[in-house]
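First comes the structure, then the notes that go with it.
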Amino acid sequence: MQPNVPIPTDSIYKFMTLFGFMLFVTTVVSTVYVHKSTNDELLAIAEAKYRLTVDLAARKADSKQITKALQEEDMAMQAIHDRRAEIAASDRGFYLKVLALPGGMGLALFGFGFYRWIKEQPLHDELLRLQVTKARLDVHGTTAPTDFIPAPTDVERRKAAKE
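Numbering of the sequence shown is given in this note's numbering, commencing with residue 343 and proceeding in unit increments.
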């Protein structure tokens, strides 16, 4: 499959700039995804804890005596949910630290590449002007710009052939 967007190969600094920018954007999007998924997980844990509390209150209302086994089961489930919430928060911190490295590298590549690119680009522009001037001198004998005369179309050729 051919890529739709051509990779710039005329300047390594242009490539560095675009690669660094894409790396930085990818890490920003990944950071947003990590926050959203962790928040969704923490919300699901909070909802499960709420349901446990409601179920325990309903059992208390139904029977005057709550057995020790039911209380221990409820406390164990609460502890499991608390631990899941701690792990989710800890994972979020770890993922954000891991994403900081490529994000920083992308930002540094972007900044350095852009700085070098804007320093180098005037030289490329001057070289292109010199090449165009030399080509005009070779073809037309002058450096003055001339009007471009397009090649005749098929209709014009047929018309000229009939005459």
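Built from N, CA and C at the ideal position, the CB exists for glycine as well. Only a predicted model underlies this, so the values are computations on that prediction, with no experimental measurement involved.
- About 25 Å separates the CB atoms of residue 385 and residue 401; that is not less than 8 Å, and the two are not in contact.
- For residue 498, the enclosing alpha helix (DSSP H) has its first and last residue at 496 to 504.
- Collapsing the DSSP output to three states places residue 435 in a helix.
- Note on geometry: alpha-carbon atoms of residue 391 and residue 414 lie some 15 Å from one another.
- Here residue 495 is exposed, its C-beta having fewer than 16 other C-beta atoms within 10 Å.
- Linking residue 441 to residue 473 through their CA atoms gives a straight-line distance of about 45 Å.
- The three-state reading of DSSP puts residue 346 in coil, since its state is none of H, G, I, E or B.
- Taking 8 Å as the cut-off, the beta carbon of residue 455 is found no closer than this to the beta carbon of residue 364.
- Your pair residue 434 and residue 380 checks out as a contact, with CB atoms roughly 4 Å apart and the cut at 8 Å.
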